[in-house]
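Number 28 in the UniProt record's numbering belongs to position 28 of the sequence shown; there are no gaps in the numbering.
Yeah, the Cβ is synthetic: ideal placement off N, Cα and C, and Gly gets one too.
Structure first, commentary second.
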Amino acid sequence: MAEKITDKERGEGELKLADGLMCENCGKPVIQVRSGAFMCTKEGKFTSVVPVKP
Numbered sequence: 001m002a003e004k005i006t007d008k009e010r011g012e013g014e015l016k017l018a019d020g021l022m023c024e025n026c027g028k029p030v031i032q033v034r035s036g037a038f039m040c041t042k043e044g045k046f047t048s049v050v051p052v053k054p
């Protein structure tokens, strides 16, 4: 079973929404968790992202 890694262990203070990006599947905001990895705020899963349309 995968261990849960807290933000402190990762050395990244708080999770923050990625500016200008959204989930490719549902269009919800995404959180950038580590370099190059994004998590959907709706499903809580890693996802691919697309730029938010103006």
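Local conformation of residue i per DSSP, three classes
i: residue 55; result: Shown here, the chain extends from 1 to 54; a query on residue 55 therefore has no answer.
i: Gly27; result: coil
i: Gly44; result: coil
7 Å Cβ shell around residue i - same chain, five flanking residues per side excluded
i: Met22; result: Lys28, Pro29, Val30, Val49, Val50 and Val52
i: Glu24; result: Thr47, Ser48, Val49 and Val50
Close-in-space but distant-in-sequence residues of the same chain around residue i (CB under 8 Å, 5 per side omitted)
i: Ser45; result: Note that residue 45 is Lys in the sequence shown here, rather than Ser. Correct list, in chain order: Met39.
Distance CB(residue i)-CB(residue j) smaller than 8 Å
i: Cys26; j: Lys16; result: no
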